[in-house]
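Here the numbering used here is used: position 157 in the sequence shown is 1353, and no number is missing along the way. Ideal Cβ positions, reconstructed from N, Cα and C, are used throughout, including at glycine.
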Amino acid sequence: MLEDAAAMKRISSRHHPLVARCRALARGRTDAPRLLLDGLHLVADAARAGLSIEVVAFSARALAGGEASLLAERLAADGVEVVEAADTVMEALSPVSTPSGVVGIAHCPPTSLDAVLARSPQLVVVAVDVQDPGNAGAIVRAAEAGGATGVVFCGASADPFGWKALRGSMGSALRLPLGFGIELSGAVEGVRRAGLRVAATLPRGGRAPDGVDLRQPVALLLGGEGPGLPADVVAAADDRVTIPMQPPVESLNVAVAAALLVYEAARQRRGGGAHP
């Protein structure tokens, strides 16, 4: 249990400024680059990733558990403001209908193309117009799991640091270099300049993933729900990739497609190689 719990600041009013801040972040990124962290594990992941955490609110029920109490103690020792929120306040702080009992606010890590390309990237996922935050989060999670070195979100893509996307990525967004709000033309130019080939995905007409050499540094371009990638981007790509599907299926969820391609690249890099 948290030894100085009796001295912890308590919030009992839904009119507290922290409630307004959390609600603003739940609606979307504010002018200040901050993240809304919902849940014990996401807050713990942010702390392990070295993010600057401003404040974390715990419910009394959460603090009664050993894991949350230890986390609160560590955060307080690191200078993070730790508060206890009444259940009614926690309902207002949390963006979900069934609050987990732990909500925090942290500084957002860098979200530039340079951040993704800084460390000799070998496998970068470029997601274009992926508007669903759940898909954005799942792409980041699959990318990290499969060994990608970064993800770039272009066009009208959802913010990978929005709370829904963060929950979908299960903490991967806090560890994997991400770019957000990047113009597609700039992203393609940037990955080429960094020495990566460009492989564009399309629903038909491309080669199967195991027929494309994905062992070399490569950027995998995936279009979002609906229109897919622009025709000029597909035409200018070094490789065009189509995931085979049995009829009558004509398309896959973009996060599923990303996972299949990233894992095919991982298979080839383990020594499997591409099939001619």
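Item to check | Length of the line joining the Cα atoms of residue 1230 and residue 1420 | outcome: 26 Å
Checklist entry - Quick one: Cα of residue 1479 to Cα of residue 1261, how far? => result Coverage of the chain is limited to positions 1197 through 1472, which leaves residue 1479 absent and any answer about it impossible.
Next on the checklist: With a threshold of 6 Å on Cβ separation, who are the neighbours of residue 1228 within its own chain once the five nearest residues in sequence on each side are excluded?
Outcome noted: Excluding sequence neighbours, residue 1228 sits near nothing in its chain.
Next on the checklist: In whole angstroms, give me the CA-to-CA distance for residue 1296 and residue 1311.
Outcome noted: About 32 Å.
Item to check | Cut-off 8 Å between Cβ atoms - residues of its own chain near residue 1212, not counting five sequence neighbours on either side | outcome: 1285
Next on the checklist: Please give me, in chain order, every unbroken run of the alpha helix (DSSP H) with length at least 4 that falls completely inside the segment 1221–1286.
Outcome noted: 1236–1244, 1256–1259, 1262–1273
Checklist entry - Of all the options 1411, 1214, 1267, 1224, which has the alpha carbon lying nearest to the alpha carbon of residue 1240? => result 1267
Item to check | Cutoff 6 Å; reference residue 1208; Cβ partners in own chain excluding five residues on either side | outcome: 1282
Checklist entry - Which residue comes first and which comes last in the beta strand (DSSP E) that contains residue 1206? => result 1205–1207
Checklist entry - What is the rounded straight-line gap between the Cα of residue 1426 and the Cα of residue 1411? => result 25 Å
Item to check | 7 Å CB neighbourhood of residue 1399 in its chain, flanking five on each side removed | outcome: Taken in chain order, the residues that qualify are 1424, 1438, 1446, 1447.
Next on the checklist: Going by beta-carbon coordinates alone, are residue 1236 and residue 1362 separated by less than 8 Å?
Outcome noted: no
Checklist entry - Quick one, are the C-beta atoms of residue 1394 and residue 1372 less than 8 Å apart? => result Cβ distance not < 8 Å, so residue 1394 and residue 1372 don't count as in contact.
Item to check | Cβ-based burial, residue 1317 [other Cβ within 10 Å; buried from 16] | outcome: buried
Next on the checklist: So the candidates are 1454, 1328, 1458, 1396; which of them puts its Cα closest to the Cα of residue 1428?
Outcome noted: Residue 1396 is the option with its Cα nearest to residue 1428.
Next on the checklist: Am I right that residue 1383 and residue 1350 are in contact with their C-beta atoms under 8 Å? What's the rounded C-beta distance?
Outcome noted: 5 Å
Next on the checklist: Using only the alpha-carbon positions, how far apart do residue 1224 and residue 1305 sit?
Outcome noted: 16 Å
Checklist entry - Cβ atoms of residue 1320 and residue 1254: under 8 Å apart, would you say? => result no
Checklist entry - For the beta strand (DSSP E) that residue 1456 lies in, which residues bound it at each end? => result For residue 1456, there is no enclosing beta strand (DSSP E); the enclosing alpha helix (DSSP H) has its first and last residue at 1450–1463.
Item to check | Helix, strand or coil at residue 1302 according to DSSP, with G and I counted as helix | outcome: strand
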